[in-house]
Amino acid sequence: MTKPANGHVLSSALDTLVKRPLNQADDAALVSAAKAVWYSKLNLESEVTAFLNCHSDEVEVRRAGYLLERFTRFACVSDSRVSETLNAIELFAHSTSKHEVIPQATVPLRRRRDELAIAWGLNEGLGLKAQSLMPFQTRHYEAEQRATFS
Numbered sequence: 088m089t090k091p092a093n094g095h096v097l098s099s100a101l102d103t104l105v106k107r108p109l110n111q112a113d114d115a116a117l118v119s120a121a122k123a124v125w126y127s128k129l130n131l132e133s134e135v136t137a138f139l140n141c142h143s144d145e146v147e148v149r150r151a152g153y154l155l156e157r158f159t160r161f162a163c164v165s166d167s168r169v170s171e172t173l174n175a176i177e178l179f180a181h182s183t184s185k186h187e188v189i190p191q192a193t194v195p196l197r198r199r200r201d202e203l204a205i206a207w208g209l210n211e212g213l214g215l216k217a218q219s220l221m222p223f224q225t226r227h228y229e230a231e232q233r234a235t236f237s
């Protein structure tokens, strides 16, 4: 994905991702958004602000919040970046609210639900699309990215 004219790489990727159900996410936009959160030095609060200035649809805002929070749950993201991302997610509080989720009892694997998606008020999650992010989380790839963005 090329850098958008306005310079908001993450906001642009999120714009593409929130237009469709998350289990139909564009792989290139998904990878671009994840790498922007995990490895770049982007100011996430300004990226989220740029996104929110262009989006008022509640489902789209919920999808974006879900994605950002989901990206914090991968092992390759640093603790400081998780903290920064969670602070940026607070900006969504004015646009939408998260729901309290009651944990399920033991459920067969095929019937499990994405608790984070439900917390964001969504009936959908990334599902198997998360597999497209796997090559970008290896220690080798992470070391290359950290060296590039340092």
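If you read the sequence shown in my numbering, its first letter stands for residue 88, the second for the next number, and so on. For each residue, glycine too, the CB sits at the ideal point set by N, CA and C.
Query	Result
Segment contact, 8 Å Cβ cut-off, at least three pairs: the region 118-137 with the region 161-181	yes
Nonlocal neighbours in the same chain, by C-beta distance under 8 Å from Glu156, ignoring five residues either side	Thr172, Leu173, Ile176, Leu203, Trp207
Spatial distance of Pro108 from Lys216 (CA atoms)	11 Å
Three-state secondary structure (DSSP) of Ser243	The chain is shown from 88 up to 237; residue 243 falls before or after that span and cannot be answered.
Residue-chain proximity (Glu134, chain D), Cβ-Cβ < 8 Å	Annotation note: the requested chain D is absent from the structure, which comprises a single protein chain.
Between the CA atoms of Gly214 and Glu134 - distance to the nearest angstrom	25 Å
Integer Cβ distance of Val105 from Leu129, believed to fall under 8 Å	With a Cβ gap of about 18 Å, Val105 and Leu129 do not count as contacting.
Endpoints, the alpha helix (DSSP H) within which Leu129 is located	Leu129 -> no alpha helix (DSSP H), and no H or E assigned at all.
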